[in-house]
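In what follows, a single structure is set out as structure tokens and then discussed.
Residue numbers (our numbering), protein chains in the order written: chain V, 44 to 231; chain F, 44 to 231.
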């Protein structure tokens, strides 16, 4: 636990309650997986939980083993890559009753300035995975199919490489770039 | 560099060429940022590059400072949180000519089994950030606005908490869940 807390501070930047809760959730999921399988992770929120998964499992966003599907639920699934069979761990609001400070933080009942985050963290550490439910799930087939990129092209507009399947110009030049303007390129 | 390579092996799992290239790209971007600002990161691909950003900057997916907008380009932007002004670092295919093995890897010209990934990594290490272009960018305003969640509800179907703005039931119960079936919950 102490080692994990140091990892959280270094990687995530601060000891957020969601990271402490997330640590218990990942641990609970891992303990329910059969040994020896190859597991991918799915996270139902982009908040905190992805970092707990990245710190405690081999799954990261960049290596492709962690996918984030934002359903707004504080939950994660670890599943066997080929079959899609796995376990899902979620927070069960019905079990938060005895820990009012955690409940208040979880449902954002108070403004951040009025929350005692240290107390929230301590209550989560006391409770361990008591708030969490676990269930068996199986991923839908279309979610397991890996989309392998076949070929890359050079975009005639931005001159950068992009997946040929995206069209004759890249998605950014098709209007999806989040930039207002790009100034003169250095070195041109 | 040696320290980074150890971090890559531990976090990402293996020394992928994209992680070595990504390390140079993040370093190049950081060196072009004014001191003292607060910077967020945007990554235009989910492949490898997000992990280089997470290892070398304070920005992670879980702390909300790294966003992935999949445009299919191997590029990243570091930008000042408030103004959206920043620098974008990208791979310039025109500069890959002298390194045929890197070019072949980058454009996926050969099947993976025929690639000499050790040679690709060595050539990237030799070239440093030579493949990379850098440009000034500014993010569109709508991308900078932080969507703060206001309230959470308990979903009457799954009994889990979800952002009240999502509707009367959660997005998962609205049909977005990637699961085939969920079996009996433990403890119920």
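Quick reminder that beta carbons are idealized off the backbone N, C-alpha and C, glycines included.
Note that the coordinates shown come from a computational prediction; the quantities given were computed from them, not determined experimentally.
Got a sec: is the Cβ-Cβ distance from residue i to anything in chain F below 7 Å?
i, result
"residue 49 of chain V", "no"
"residue 112 of chain V", "yes"
"residue 222 of chain V", "yes"
"residue 226 of chain V", "Residue placement at residue 226 of chain V cannot be trusted, given a pLDDT of 48 that sits under 50; the coordinates are not used to answer."
Between residue i and chain V, is any beta-carbon pair separated by less than 7 Å?
i, result
"residue 216 of chain F", "no"
"residue 115 of chain F", "yes"
"residue 55 of chain F", "yes"
"residue 163 of chain F", "no"
"residue 197 of chain F", "yes"
"residue 219 of chain F", "yes"
Is residue i helix, strand or coil by DSSP?
i, result
"residue 96 of chain F", "helix"
"residue 116 of chain V", "coil"
"residue 212 of chain F", "coil"
"residue 109 of chain F", "strand"
"residue 71 of chain V", "helix"
"residue 128 of chain V", "strand"
"residue 181 of chain V", "strand"
"residue 87 of chain V", "coil"
"residue 44 of chain V", "coil"
"residue 223 of chain V", "strand"
"residue 60 of chain F", "helix"
"residue 66 of chain V", "helix"
"residue 150 of chain F", "coil"
"residue 203 of chain F", "coil"
"residue 161 of chain F", "helix"
"residue 133 of chain V", "strand"
"residue 54 of chain F", "helix"
"residue 145 of chain V", "helix"
"residue 174 of chain F", "coil"
"residue 230 of chain V", "Caution is warranted here: a pLDDT of 46 is assigned to residue 230 of chain V, below 50, making its placement in the model unreliable, and no coordinate value can be reported."
"residue 123 of chain F", "strand"
Using CA coordinates, which residue listed in the options is at the minimum distance from residue i?
i, options, result
"residue 104 of chain F", "F:92, F:114, F:115", "F:92"
"residue 214 of chain V", "F:209, F:131, F:113", "F:113"
"residue 203 of chain F", "V:205, V:117, V:145, V:200", "V:117"
"residue 189 of chain V", "V:199, V:135, V:125, V:179", "V:125"
"residue 107 of chain V", "F:82, F:184, F:56", "F:56"
"residue 175 of chain F", "F:63, F:182, F:221, F:49", "F:63"
"residue 135 of chain V", "F:222, F:197, F:211", "F:197"
"residue 85 of chain V", "V:212, V:115, V:60", "V:115"
"residue 69 of chain F", "F:80, F:47, F:152", "F:47"
"residue 123 of chain F", "F:181, F:98, F:87", "F:181"
"residue 65 of chain F", "F:80, F:89, F:144, F:83", "F:89"
"residue 137 of chain F", "V:210, V:199, V:109, V:58", "V:199"
"residue 165 of chain V", "V:145, V:211, V:94", "V:145"
"residue 158 of chain F", "F:60, F:50, F:44, F:52", "F:60"
"residue 170 of chain V", "V:148, V:139, V:151", "V:139"
"residue 19 of chain F", "F:94, F:121, F:101, F:110", "Nothing about residue 19 of chain F can be reported from this structure: the residues present for chain F run from 44 to 231 only."
"residue 67 of chain F", "F:45, F:54, F:187, F:160", "F:45"
"residue 187 of chain V", "V:96, V:179, V:172, V:109", "V:109"
"residue 163 of chain V", "V:177, V:100, V:179, V:141", "V:141"
"residue 221 of chain F", "V:101, V:98, V:111", "V:111"
"residue 216 of chain V", "F:80, F:168, F:87", "F:87"
"residue 152 of chain V", "F:206, F:52, F:152", "F:206"
"residue 195 of chain F", "F:120, F:209, F:173, F:184", "F:209"
"residue 167 of chain V", "V:179, V:98, V:148, V:184", "V:148"
"residue 99 of chain V", "F:218, F:54, F:119, F:185", "F:54"
Using a Cβ cut-off of 7 Å (strictly closer), state whether residue i contacts chain B.
i, result
"residue 129 of chain F", "Here the protein chains are V and F, and chain B is not one of them."
With a threshold of 6 Å, establish whether the CB of residue i neighbours any heavy atom of the ligand FAD.
i, result
"residue 66 of chain V", "Among the components modelled here there is no ligand, and therefore nothing to report on the ligand FAD."
- Task: Taking only beta carbons into account, state which residues of the region 92-103 of chain F come closer than 8 Å to chain V, listed in chain order.
- Result: Near chain V, meaning a CB-to-CB distance below 8 Å, the residues of the region 92-103 of chain F are 92, 93, 94, 95, 97, 101, 103.
- Message: Give me the subset of the region 64-84 of chain F whose CB atoms are less than 7 Å from a CB atom of chain V, sorted by chain position.
- Response: none
- Task: Please name the residues in the region 137-151 of chain F whose beta-carbon is closer than 8 Å to at least one beta-carbon of chain V, in chain order.
- Result: 137, 149, 150, 151
- Interfacial residues, the region 161-190 of chain F to chain V, with Cβ spacing under 7 Å: 176, 177, 178, 179, 180, 181, 182, 183, 186
- Message: If the cut-off is 8 Å on Cβ atoms, which residues from the region 201-213 of chain V count as contacting chain F, listed in chain order?
- Response: 201, 202, 203, 204, 205, 206, 209, 213
- Message: I want to know whether the region 130-138 of chain V touches the region 72-79 of chain V - three or more CB-CB distances under 8 Å.
- Response: yes
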